[in-house]
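In the UniProt record's numbering, the protein residues as written are 1 to 189.
Note that CB positions come from ideal geometry on N, CA and C, so glycine has one too.
The model shown is predicted, which means the values in this text are computed figures rather than measured ones.
What follows is the structure in C-alpha cells.
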C-alpha cells in the first residue's frame, strides 16, 4: 500500500499484523513482568492476551505467503517459509555485518529467527504453566510449577534484553533500519 509520505524507494517490510503482534507482546510482557502482581486477574488477562497474540503470529507466519501481494496485506518477510538456519546463512549475515552493509531487502537474519523460536517457545510455556497453576485445581500452589514459570519469565526477560541490544547493534553496524520498519512497516533503501 503506497502512501504519499513514502518515497517509491521505500520497502514494505512488516505488515500490520506482525507489528500489532510484536508491540502487543511487548505490552503484555511489560505488564506481567514489571507492573501487575503474579496470580492476579490482570496478570492472567495479559497472559492470555500474550498467548492469543503469539498464536495469531504463528498462524500468520504459516499463512502469510498465501496472502502476499494482496493489497499489501502481508509480506513474505512474515512467513516462516523464509526461515534459514543453515551455516551459510549465519556466515553471510556475519559477513554483511562486518562489511557494514546488510541488504535493505532482508527481513529477519538467522540469529533473529533463533530468537523468535525461543520467544515463541517461552511464551507458550508461560501460557501453559500459568494456565495449569490457575485453572487446574490440583496444580494450584504447586511450587515446582511456579518455579518453572518464574524461570521461563526470567529467561524471556534475558531474551528481551539481548533482542533490544542486538537490534540497535545490528542497525548501527549493519547500516540498516530495523526500528522504523517495526513502527511504520516501511524501510528506506
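Classify residue i: buried if its beta carbon has 16 or more other beta carbons within 10 angstroms, exposed otherwise.
i: residue 117; result: exposed
i: residue 181; result: buried
i: residue 151; result: exposed
i: residue 154; result: exposed
i: residue 87; result: exposed
i: residue 185; result: buried
i: residue 99; result: exposed
Would you identify the three-state DSSP class for residue i, choosing helix, strand or coil?
i: residue 14; result: coil
i: residue 187; result: strand
i: residue 142; result: coil
i: residue 75; result: coil
i: residue 181; result: helix
i: residue 37; result: coil
i: residue 63; result: helix
i: residue 83; result: coil
For residue i, collect the residues of the same chain with a Cβ closer than 6 Å to its Cβ; drop the 5 residues on either side in sequence, then sort them by chain order.
i: residue 42; result: 36
i: residue 183; result: none
Once you ignore the five residues that flank residue i on each side, which residues in its own chain have a CB closer than 7 Å to its CB?
i: residue 38; result: none
i: residue 80; result: 61 and 62
i: residue 33; result: 153 and 157
Under 8 Å: do the region 19-27 and the region 106-117 share three or more Cβ pairs, one atom per stretch? no
Residue ranges of each alpha helix (DSSP H) within the region 96-127, 4 or longer: none
How do the region 82-100 and the region 125-136 stand: do at least 3 beta-carbon pairs fall below 8 Å, yes or no? no
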